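The block underneath contains the structure these notes are about, expressed in structure tokens.
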Amino acid sequence: MIVFGGGNEGIVDELHVFNTTTNQWFVPQVKGDIPPGCAAYGFVCDGTRLLVFGGMVEYGKYSNELYELQASRWEWKRLKPRPPKTGANYPCPRLGHSFTLIGNRVFLFGGLANDSDDPKNNIPRYLNDLFVLEMRPYSNVMQWELPQIHGTPPPPRESHTAVAYVSPDGKSSKLIIYGGMSGCRLGDLWLLDIESMTWTKPIVDGIVVYGIPPLPRSLHSATLINQRMYVFGGWVPLVCENDTKTGGSVQEKEWKCTNTLAALNLETMTWEFITNDVQEKEWKCTNTLAALNLETMTWEFITNESFDDSVPRARAGHCSVSISTRLYVWSGRDGYRKAWNNQV
């Protein structure tokens, strides 16, 4: 398990590796062009190669640098892709964007830019541009492209999700953008057909896409399993009013975290609610562990809330990874109070 960057009271450039065989942390002796610490960056894994793009670096600056970590030898390399053939500029510095690998191409969409030269004087600008990073097989040559897009693109946003979906027959690939933040939280769904590079927006009012969609949200997760995209958590409005002018957004009165789970069937374009939000007057962090059985579509509680030291403490904003039959949990915060960085 590899952990890079992030931070608690500052952004760090540390690289840590957890050996799941010995249950020990170690700090590999990295070499090469070690990047500065960053957060809210784009990240893809291509074999043993990890690519990191953009994010927030020290002093609140936004980055548009691209780095590669070759995990087989712990070597960092700062990459300098060629500019687009059209003569367009490189992608501007940004954070909260999506970075999605489809075949030999990485699709960069949206994010948040700062139009001020002074990082302390933030002038936010939401983005909806689409860049493609072309990675040639058996070559270190990379090139940014600003493809010609057809159709109406999604409105600008950050903190959205993007997944790559290949049809069961393997004949079509799509980039699916859902939700995000653009001054208010968004609940719209957009599809980019990779072959024709055409944006489309499925109707989600019950005419084409049946079922009630989840509430608008940002900082959620979307995970593709077979033909379903599972949407979990995020920030959602607690009290809102519909705004037909914003196209899928809402005018927020209050907002909260959620623990709802919904699935979008990408074949039938039907939303399916798996768990509903539990209404609470107050909320807190928890350390309960539950599993969703994908065969029976039922939740199974593994552990109930516990204060035993042998059980991970309650937390939010943590990370988890599965290796073989084990689930590893690391870091996170107990609300706004404390970070749990010393236990796995």
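Each residue of the sequence shown is one higher than the one before, starting from 2 at the first, in my numbering. Glycine residues also receive a C-beta, built at the ideal position from the N, C-alpha and C atoms. Predicted model only: the values in this text are computed from it and were never measured.
State the CB to CB distance for the pair G33 and E76, rounded to an integer number of angstroms; the pair is presumed to be in contact (CB under 8 Å).
Numbered from 1 along the sequence shown, position 32 holds the residue referred to as residue 33. Numbered from 1 along the sequence shown, position 75 holds the residue referred to as residue 76. Rounded, the Cβ-Cβ distance is 4 Å, consistent with contact.
Whether or not the region 175 to 188 and the region 153 to 164 are in contact is what I'm after, with contact meaning three or more pairs of Cβ atoms, one per stretch, closer than 8 Å; do they touch?
Touching, yes, given that three or more Cβ pairs across the two stretches are closer than 8 Å.
How big is the Cα-Cα spacing for E10 and L131?
The residue given as residue 10 occupies position 9 in the sequence shown. The residue given as residue 131 occupies position 130 in the sequence shown. Distance between the alpha carbons of E10 and L131: 32 Å.
Does the Cβ of T224 have 16 or more other Cβ atoms within 10 Å, making it buried, or fewer, making it exposed?
What you label residue 224 is simply residue 223 of the sequence shown in a count that begins at 1. That one is exposed.
Could you pull the start and end residues of the beta strand (DSSP E) that A114 belongs to?
The residue labelled residue 114 in the question sits at position 113 within the sequence shown. Run containing A114: 106 to 115, per the beta strand (DSSP E) assignment.
For K62, collect the residues of the same chain with a Cβ closer than 7 Å to its Cβ; drop the 5 residues on either side in sequence, then sort them by chain order.
The residue given as residue 62 occupies position 61 in the sequence shown. Result list for K62: P120, in chain order.
Helix or strand or just coil, what does DSSP make of E196?
Within the sequence shown, numbered from 1, the residue matching residue 196 stands at position 195. The answer is coil: DSSP assigns E196 none of H, G, I, E or B.
Looking at P37 and the ligand GTP, is the gap between the Cβ and the nearest heavy atom below 8 Å?
Although the ligand GTP was asked about, the structure shown includes no ligands whatsoever.
Tell me whether the region 75 to 89 and the region 107 to 123 touch, counting them as touching only if at least three CB pairs, one residue from each stretch, are closer than 8 Å.
No: the two stretches stay apart, fewer than three of their Cβ pairs being nearer than 8 Å.
Using C-beta distances below 6 Å, list every residue in its chain close to E1, excluding the 5 sequence neighbours before and after it, in chain order.
With the chain represented from 2 up to 345, any question about residue 1 goes unanswered, as that position is not in the structure.
Are the CB atoms of P215 and W272 nearer to each other than 9 Å?
Here residue 215 refers to the residue found at position 214 of the sequence shown. Here residue 272 refers to the residue found at position 271 of the sequence shown. The answer is yes: Cβ separation under 9 Å.
Is L96 closer than 9 Å to L52 when the C-beta atoms are compared?
Taking the sequence shown and counting its residues from 1, the one referred to as residue 52 is at position 51. Taking the sequence shown and counting its residues from 1, the one referred to as residue 96 is at position 95. Contact flag unset, no.
Taking the straight line between their C-alpha atoms, what separation do you get for N24 and T49?
The count along the sequence shown starts at 1 and reaches residue 24 at position 23. The count along the sequence shown starts at 1 and reaches residue 49 at position 48. For N24 and T49, the distance between alpha carbons rounds to 21 Å.
What does DSSP give as the partner residue(s) for V167 in the beta ladder?
Translated into positions along the sequence shown, residue 167 becomes position 166. DSSP output for V167 lists S174 as bridge partner(s).
Return the bridge partner residues of Y91 from the DSSP annotation.
As a working note, residue 91 is residue 90 in the sequence shown. Note: Y91 sits in no beta bridge, so no partner.
Given this structure, state the Cα-to-Cα distance separating P138 from N105, to the nearest angstrom.
Taking the sequence shown and counting its residues from 1, one reaches residue 138 at position 137. Taking the sequence shown and counting its residues from 1, one reaches residue 105 at position 104. If I take the Cα positions, the gap works out to 7 Å.
Skipping 5 residues on each side, what residues in its chain have a beta carbon closer than 6 Å to that of P148?
Residue mapping note: residue 148 aligns to position 147 of the sequence shown, counting from 1. Closer than 6 Å at the Cβ level, and outside the excluded window around P148, lie V133, M198.
Measure the C-alpha to C-alpha separation of M57 and S117 and round it to an integer number of angstroms.
On the sequence shown, residue 57 is found 56 positions in, with the first residue counted as 1. On the sequence shown, residue 117 is found 116 positions in, with the first residue counted as 1. Cα to Cα, the separation comes out at about 14 Å.
Label S173 either buried or exposed according to how many other C-beta atoms from any shown protein chain fall within 10 Å of its C-beta, with 16 as the threshold for buried.
Locating residue 173 in the sequence shown gives position 172, counting from the first residue. Answer is exposed; the Cβ neighbour count stays below 16.
Can you list, in chain order, the residues of its chain with a C-beta nearer than 7 Å to that of I195? Leave out the 5 residues immediately preceding and following it.
Residue mapping note: residue 195 aligns to position 194 of the sequence shown, counting from 1. Correct list, in chain order: I103, S174, K175, L176.
Considering only residues of the same chain and omitting the five flanking positions on each side of N65, which have a CB-CB separation below 8 Å?
As a working mapping, residue 65 is identified with position 64 in the sequence shown. Closer than 8 Å at the Cβ level, and outside the excluded window around N65, lie F54, G55, Y91, P92, C93, P94, R95.
Of the choices E135, L193, A163, whose alpha-carbon is the least far from that of P154?
Taking the sequence shown and counting its residues from 1, the one referred to as residue 154 is at position 153. The option with the nearest alpha carbon to P154 is L193.
Are H98 and G8 closer than 9 Å when you measure CB to CB?
To locate residue 98, count along the sequence shown from 1; it is residue 97. To locate residue 8, count along the sequence shown from 1; it is residue 7. No, they are not a contact pair.
Got a sec? Which residues, its chain only, sit under 6 Å from L70 by beta carbon, not counting five neighbours each side?
Looking up residue 70 in the sequence shown gives position 69. Once the five neighbours on either side are set aside, the close Cβ partners of L70 are L51, W77.
Could you name the residues of the same chain whose beta carbon sits closer than 7 Å to that of G248, not counting the 5 residues immediately before and after it, in chain order?
Here the question's residue 248 lines up with position 247 in the sequence shown. In this predicted model, G248 has a pLDDT of only 42, less than 50, meaning its place in the structure is not dependable; the value taken from the coordinates is given anyway. Only P156, D189 meet the Cβ criterion.
Between A165 and I178, is the Cβ-Cβ spacing less than 9 Å?
Walking along the sequence shown from the start, residue 165 turns up at place 164. Walking along the sequence shown from the start, residue 178 turns up at place 177. No.
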